[in-house]
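In our numbering, the protein residues as written are 5 to 383. No residue lacks a Cβ here, since even glycine has one placed at the ideal position from N, Cα and C.
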Amino acid sequence: MFDPNPPAPAPAGRDLRLDFFRGLALAFIFLNHIPDNAASWLSSRNWGFSDATEIFVFVSGYSAALAYGAVLARSGFMACAAKIGNRVWQIYVAHIVLFVLFVAQIAYVVEGFDNSLYAEEMNVVDFMHQPHVVIAQALLLKFRPVNMDVLPLYVVLLAAMPAILWGLRRRAAWVLVGSAVLWWLSDHLKWNLPAYPGNKGWYFNPLCWQFLFVLGAWFGTRHGTPSVGRLRRTAFVPAAAAFLVFALMVVATWSVPGLNWLVPSWLARLLYPIDKTNLDLLRLLHFLALAYLTVILVKPDAAFLDGAWARPLVLMGQHSLYVFCVGVFLSFVGHFVLVEFGDSVVRQFAVSLTGIALMLGLAAFLRWYRRIEGGRTRA
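Listed below in structure tokens is the structure:
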């Protein structure tokens, strides 16, 4: 999701589909981060097995391969690793700053409104009791409040990008097979990175989610090649569409009890649990089917990408790191407003639209600032 090397706005040849779907994922994540938000029904998680997380990981791998693959080809491995290392550091610092502001925000509300439930909901109770211990664990990426799992995942995945790119340029098949094997073993043997507190692992297991990231990177290294063009053949369209319809029917039973007959007990035993932590196979297949149909239906020069309703999402996608961080902060503000002042459906949509408008406003400000900064004569 996060542009690994943010360019000037709308450079020539930039694939606006990446920015559009990155921006769409940011909007979905914000809506989903507000508990019991009626507006989150608009997000992809209610229409299939996968959600915005899959968009984030795949697009991150794809865009990172585009940005740093050129550096690797032009300047070599060390230059590529140095640039990626710099970006990893920027994202890590952004995560720590967001952590400080997010926890301070929650602590202020807990004390100011005498409501410790906020601390429990956001998983910061340990911070309130042992801040010196928790801060150290947060610096190690082992402690993360609710809604703050995405940036640590990206830090780990992007840190591995130099080796991934190097391998994809030389033995792509080996890298893909090795990545798939690691995903399968990590799921079945319960491998995960340690988290704090307790012995639980990361909510997004990097050892599993790396497979989707590597798939995105592989497609990114083959961007524009004939082999990618062949993927647009329609032979698999009926199968992909049928699987998406099947997923929609299954997901519908989660919120409409009258549809439970669609998933008989024998099928439920085959399907469940659909594990998000370890990137369940059904989630992976759902996203790949969705991405496959999207590539066929949405061309790089699709007119709607420059349309009035798509431009805001494209703009948000072009400034994804800042927009994401502000979205996490605003999601708690929205939750607080709905809890303290009423959670009618109208208010839920008003809070959601206000938050997205503020995220868009930030993106517009950043575009304006980069334009004047780009034209400024340095002293």
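**Request:** Locate the alpha helix (DSSP H) running through I95, then write down its first and last residues.
**Result:** DSSP places I95 in the uninterrupted alpha helix (DSSP H) bounded by F81 to G116.
**Asked** Can you tell me whether S356 is buried or exposed, with buried defined as 16 or more other CB within 10 angstroms of its CB?
**Response** By the 16-neighbour rule on beta-carbons within 10 angstroms, S356 is buried.
**Request:** List the whole-angstrom C-beta distance separating L169 from A69, where the pair is believed to meet the contact cut-off of C-beta under 8 angstroms.
**Result:** Their Cβ separation, rounded to whole angstroms, is 6 angstroms, which keeps L169 and A69 in contact under 8 angstroms.
**Request:** Note down the Cα distance separating L211 from F369, rounded to an integer number of angstroms.
**Result:** As the crow flies, the alpha-carbon of L211 is around 37 angstroms from that of F369.
**Status (buried if at least 16 other CB within 10 Å, exposed otherwise) for Y373** = Result: exposed.
**Asked** With 16 as the cutoff for other CB atoms within 10 Å, does I376 come out buried or exposed?
**Response** Exposed, because fewer than 16 other Cβ atoms sit within 10 Å of the Cβ of I376.
**Prompt:** Where does the unbroken alpha helix (DSSP H) through N36 begin, and where does it stop?
**Reply:** Judged by DSSP secondary structure, N36 falls within the alpha helix (DSSP H) whose first and last residues are L20 to H37.
**Asked** Would the beta-carbon of F208 fall within 8 angstroms of that of T281?
**Response** The answer is yes: Cβ separation under 8 angstroms.
**Asked** Per DSSP, what kind of secondary structure is N9 in: helix, strand or coil?
**Response** With a pLDDT of only 49 at N9, under the threshold of 50, the placement of this residue in the model should not be trusted, and no figure is reported.
**Request:** Just the C-alpha distance for Y276 and V332, rounded to the nearest angstrom, thanks.
**Result:** The alpha-carbon atoms of Y276 and V332 are separated by roughly 30 angstroms.
**Item:** Touching by the beta-carbon criterion (3+ pairs, under 8 angstroms), the stretch 248–265 and the stretch 285–300
**Value:** Remark: three or more beta-carbon pairs, one from each stretch, lie closer than 8 angstroms, so the stretch 248–265 and the stretch 285–300 are flagged as touching.
**Asked** Pick from L28, A83, K146 and F353: whose alpha carbon is nearest that of K204?
**Response** Residue K146 holds the alpha-carbon nearest to the alpha-carbon of K204 among L28, A83, K146 and F353.
**Message:** Does P198 come out as helix, strand or coil in the three-state DSSP assignment?
**Reply:** Annotated three-state conformation of P198 is strand, per DSSP.
**Prompt:** What is the DSSP secondary structure of G205, reduced to helix, strand or coil?
**Reply:** Strand, per DSSP.
**Asked** Nearest CA to the CA of Y72: which residue from G65, C84 and V63?
**Response** Of the candidates G65, C84 and V63, the one whose C-alpha sits nearest the C-alpha of Y72 is C84.
**Request:** Tell me, please, whether the CB atom of V179 is closer than 8 angstroms to any CB atom in chain D?
**Result:** No chain D appears in the structure shown, which is made up of a single protein chain.
**Request:** Put R148 into one of helix, strand or coil per three-state DSSP.
**Result:** R148: coil per DSSP, three-state reduction.
**Request:** Taking R315 as part of the alpha helix (DSSP H), name the residues at either end of that continuous run.
**Result:** Taken as a continuous stretch (DSSP letters only), the alpha helix (DSSP H) holding R315 covers R315 to G321.
**Prompt:** Once you ignore the five residues that flank A43 on each side, which residues in its own chain have a CB closer than 7 angstroms to its CB?
**Reply:** Cβ neighbours of A43 beyond the five flanking positions: L35, Q352, F353 and S356.
**Request:** Kindly confirm or deny that the stretch 101–117 and the stretch 328–342 touch, where touching means at least three C-beta pairs closer than 8 angstroms.
**Result:** Between the stretch 101–117 and the stretch 328–342, the count of Cβ pairs shorter than 8 angstroms is three or higher; the stretches touch.
**Message:** Which complete alpha helix (DSSP H) runs does the stretch 227–286 hold, if anything under 4 residues is left out?
**Reply:** The stretch 227–286 is shown to contain whole alpha helix (DSSP H) runs of 4 or more residues at 230–234, 241–259 and 269–275, in chain order.
**Request:** Along the alpha helix (DSSP H) that carries D153, what are the first and last residues, could you check?
**Result:** For D153, there is no enclosing alpha helix (DSSP H), as DSSP gives it neither H nor E.
**Message:** Under DSSP, the alpha helix (DSSP H) around G171 begins and ends at which residues?
**Reply:** Per DSSP, G171 belongs to the alpha helix (DSSP H) from M165 to R174.
**Prompt:** Which residues in the same chain as M132 place their Cβ atom closer than 6 angstroms to its Cβ, once the five residues preceding and following it in sequence are excluded?
**Reply:** A123, listed in sequence order.
**Message:** At the level of alpha carbons, what is the spacing between G378 and L22?
**Reply:** Distance between the alpha carbons of G378 and L22: 23 angstroms.
**Request:** Sort V97, Y296 and L189 by Cα distance to G220 and report the nearest one.
**Result:** With distances taken between Cα atoms, G220 lies closest to Y296.
**Item:** Cβ distance (whole Å) where L309 is taken to contact F24 below 8 angstroms
**Value:** Distance from L309 to F24 at the Cβ level is roughly 6 angstroms; contact confirmed, criterion being Cβ atoms closer than 8 angstroms.
**Message:** Please return the same chain residues whose Cβ sits closer than 7 angstroms to the Cβ of Y326, not counting the five positions on each side in sequence.
**Reply:** Within the same chain, Y326 has close Cβ partners L366 and L370.
**Item:** Test item: CB-CB of I63 and R26 under 8 angstroms
**Value:** Rather than Ile, the amino acid found at residue 63 in this sequence is Val. R26 is positioned such that its CB atom lies closer than 8 angstroms to that of V63.
**Spatial neighbours of Y96 in its chain, beta-carbon cut-off 7 angstroms, leaving aside the 5 residues before and after** = V159, listed in sequence order.
**Item:** Span of the alpha helix (DSSP H) around V138
**Value:** Residues P135 to L143.
**Asked** Which residues in the same chain as A293 place their Cβ atom closer than 7 angstroms to its Cβ, once the five residues preceding and following it in sequence are excluded?
**Response** Annotation for A293: A244, F247 and L248 place their beta carbon closer than 7 angstroms to its own, counting only its chain and skipping 5 residues before and after.
**Asked** Can you tell which of A361, P304, S259 and P316 has its C-alpha closest to the C-alpha of N50?
**Response** By alpha-carbon distance to N50, the top candidate from A361, P304, S259 and P316 is S259.
**Request:** Can you grab the Cα-Cα spacing for the pair W270 / A108, in whole Å?
**Result:** Rounded to whole angstroms, the separation of the alpha carbons of A108 and W270 is 48 angstroms.
**Prompt:** Beta-carbon separation of L157 and W213 under 8 angstroms?
**Reply:** It is a contact, given that the beta carbons lie within the stated cut-off.
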